[in-house]
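First comes the structure, then the notes that go with it.
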Amino acid sequence: MTPREDLTPLINFDTALTRCVQVIRGVCTHPLPDGKLRRFHVDTRTAPDLVKASLSQEAPAICRSGVLTPDHAIRTKNAMVYIESVPEDDDSLKMVVNQATDAFKENYHRYFQQASSKESDPKDPGFYPLLFLVAGIGLIALGVTRKAARIAADIGEHTIRTKLSAYALGEYIPISDSHVFDMECWSLQQRKLESFSSLPLRGQVAVITGGGGAIGFGIADRLLTAGAAVVLSDIDESRLHKAHALLSEKYDGVEHIVFDVTDYNSVEKGFEEISREFGGVDIVVPNAGIAHVSRIEELEPEKLDQVIAVNLKGTFTVIKAAIPIFRRQGTGGNIVVISSKNVFAPGAAFGAYSASKAGAHQISKIAALELAELGVRVNMINPDAIFGDEKVCSGLWELVGPDRMKSRGLDPEGLQDYYCQRSLLKQRVLAEHVGNAVVFFASDLTPTTGAALPVDGGNAAAFPR
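Quick note on numbering: the sequence shown equals residues 0 to 464 in numbering that gives the first Met the number 0.
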């Protein structure tokens, strides 16, 4: 390889990679005929030889010269996009990526029109790129599922190394466009891609805080069923690992990360790590929460501070950390805040929890006002009496349950039945019901933001008003 003298390694590699994947993922997101957005997962390859290749004089030719075998085209397209600079400001980076992507789409449309003249009605393979070689970073691959992104990255990585070996010996001669077209648009090849089921949240990435608890687990299960990839977050590693292990038995597409919602730097770094792994974020569920039982007269200020730090400040930090990602992607998104029945119907000796949740609810409504210009919807869910089960219990009810049982002379089963019978519908509320509500909001089925949806079996005192 011959290095380009005008290109040098990036100083802050992780930051540049984070920004690039978010922008690339956003630029390549596009509407389908039914009006829904096609979003992508991302896989990156940053081995030293790939970074070196991205800074070489051969890089543009590597990207232009097509696939090694026609069978690869349905996974990677017949060319890569070369990004030869990573500007430090987001607007300039978006311009660079947009220009390069538009050029790719124009060239690919021309290739399709020329090669398709011999067929009566070949199926449009889509003109968006799936592989980017970025100077100083390496390879960034896209796919509608995590598996598809990994396959594209594997092929792209092998393709770059094979072409470099060819250049070392002499010249690389690509396959003709007509041969690639015949394979790419062959109906049996296209059927491989059509085999992906059309799930409502396919291609989307969701982050759930408080992911080790009952509600977080139920939300994750429903989002995964709807096709999203899910990242569970919690500060309690043992609970987090247990929830992750249980979900991994059923789904391929769930990861976990430890961060502290009371520490903005921790949250910000967590979101950056998630972006480097998945490409960005589409659904954010601030769910982490703690409680403390005490009447105001006995409530210690330090305990109040602790509850506010998790429930109110923790909601703020998570929303704040997500905003730069939504802004770089430019494709909208959903924030679904797990609020509480106590916002509208607080309880005695539960002031710290009720007040902190009310504050989180209010800042969520403000976020709905401020983020609408980005196409980001912010809605709240008000659950009540979510107990969990023997696999994943509720940390909140582990704390408040004994006091509630003692005051009413009930056992655990009796307490759950008490809350069930207290509701208008006389129905036990489960974590999966909260998850269904999150999926509803995240699916953009209605043009709604700033709403509060009770999931409590019906509680007249807690009707939003």
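Quick reminder that beta carbons are idealized off the backbone N, C-alpha and C, glycines included.
The structure presented is a predicted model; accordingly, all values stated were derived computationally and were not measured.
Rounded C-alpha distance that separates residue i from residue j
i	j	result
Val399	Ala357	19 Å
Leu429	Ala321	28 Å
Arg44	Leu129	14 Å
Ile318	Glu397	27 Å
Leu395	Glu271	29 Å
Gly169	Val66	18 Å
Leu373	Thr261	25 Å
Val437	Ile380	8 Å
Thr161	Pro323	37 Å
Asp410	Met404	6 Å
Val377	Gln112	43 Å
Asp42	Thr144	10 Å
Leu452	Glu299	32 Å
Gly209	Asp88	33 Å
Ser55	Val20	21 Å
Tyr171	Asp33	41 Å
Glu57	Ser175	20 Å
Gln305	Gly332	30 Å
Ala134	Glu83	5 Å
Ala441	Ile207	13 Å
Ala46	Leu92	23 Å
Leu444	His178	42 Å
Thr447	Glu369	14 Å
Phe282	Tyr166	Here residue 282 is Ile; the residue named in the question, Phe, does not match the sequence. Each residue's Cα considered, the two are about 44 Å apart.
Tyr263	Val391	27 Å
Thr68	Asn435	44 Å
Asn286	Val85	35 Å
Tyr110	Ala60	17 Å
Gly326	Tyr417	Sequence check: residue 326 is Arg here, not Gly. Near 46 Å, if we compare the C-alpha coordinates of Tyr417 and Arg326.
Gly252	Arg407	43 Å
Glu412	Ser393	14 Å
His71	Ile334	37 Å
Contacting residues, own chain, Cβ-Cβ under 6 Å from residue i (five flanking each side not counted)
i	result
Arg294	Ala348
Gly269	Ile256 and Phe258
Gly211	Asp233, Asp235, Arg238, Leu239 and Ala242
Ser119	Below a pLDDT of 50, predicted positions are generally treated as unreliable, and Ser119, at 49, falls in that range; the measurement from the model is reported next regardless. So the list is empty, once near-sequence residues are dropped.
Met79	Cys62, Leu130 and Leu132
Arg74	Ile150, Ala151 and Ile154
His432	Val454
Gly329	Gly25
Ala225	Leu198, Pro199, Leu200 and Val438
Presumed contact (8 Å Cβ cut-off) between residue i and residue j, rounded CB distance
i	j	result
Val284	Glu254	Not confirmed; about 15 Å, so no contact.
Gly346	Ser355	Between Ser355 and Gly346 the Cβ distance is about 13 Å, and since that is not below 8 Å, they are no contact.
Asn77	Glu4	That pair is no contact at about 30 Å.
Thr316	Val266	5 Å
Thr17	Arg421	Not confirmed; about 47 Å, so no contact.
Gln415	Phe386	5 Å
Asp383	Val292	About 16 Å; that fails the 8 Å criterion.
Ala461	Lys340	4 Å
Leu223	Met0	With a Cβ gap of about 42 Å, Leu223 and Met0 do not count as contacting.
Bridge-paired residues (DSSP) for residue i
i	result
Ala451	Met379
Ser232	Thr208 and Ile256
Leu502	A query on residue 502 cannot be resolved here, the shown segment of the chain reaching from 0 to 464 and no further.
Thr293	For the sequence presented, residue 293 should be read as Ser rather than Thr. DSSP lists Phe349 as partners of Ser293.
Leu132	Tyr81 and Leu138
Asp42	Ala140
Val50	None; Val50 has no bridge partner.
Pro2	Ser55
Gly387	Cys392
Gly332	Val375
Cβ neighbours of residue i in the same chain (closer than 7 Å, five flanking residues each side left out)
i	result
Ala359	Asn310, Leu311, Thr314, Val336 and Ser338
Glu156	Arg44, Leu49 and Leu138
Lys364	Gly449
Ile23	Val96, Phe131 and Ile139
Ser64	Lys162, Tyr171 and Pro173
Residues of its chain near residue i, where Cβ-Cβ distance is below 8 Å and the 5 sequence neighbours each way are ignored
i	result
Leu423	Gly456, Gly457, Asn458 and Ala459
His40	Leu141, Gly142, Val143, Thr144, Arg145, Ala147, Ala148, Gly202, Val204, Ala228, Phe277 and Gly278
Arg464	Phe343
Leu31	Arg37
Pro2	Lys51, Leu54, Ser55 and Gln56
His29	Leu36, Arg37 and Tyr127
Pro8	Val50, Leu54 and Gly135
Ala308	Thr261
Ala290	Val306, Phe349, Ala351, Tyr352, Leu395, Leu398 and Val399
Gln361	none
Closer than 7 Å: residue i CB and nearest the ligand NAP heavy atom
i	result
Leu231	Absence of the ligand NAP is noted for the structure shown, with no ligands found whatsoever.
*So does the region 234 to 247 actually touch the region 206 to 226, counting three or more Cβ pairs closer than 8 Å?*
The region 234 to 247 makes contact with the region 206 to 226, as at least three CB pairs between them are under 8 Å.
_Pairs of beta-carbons, one from the region 11 to 25 and one from the region 101 to 112, closer than 8 Å: are there three or more?_
no
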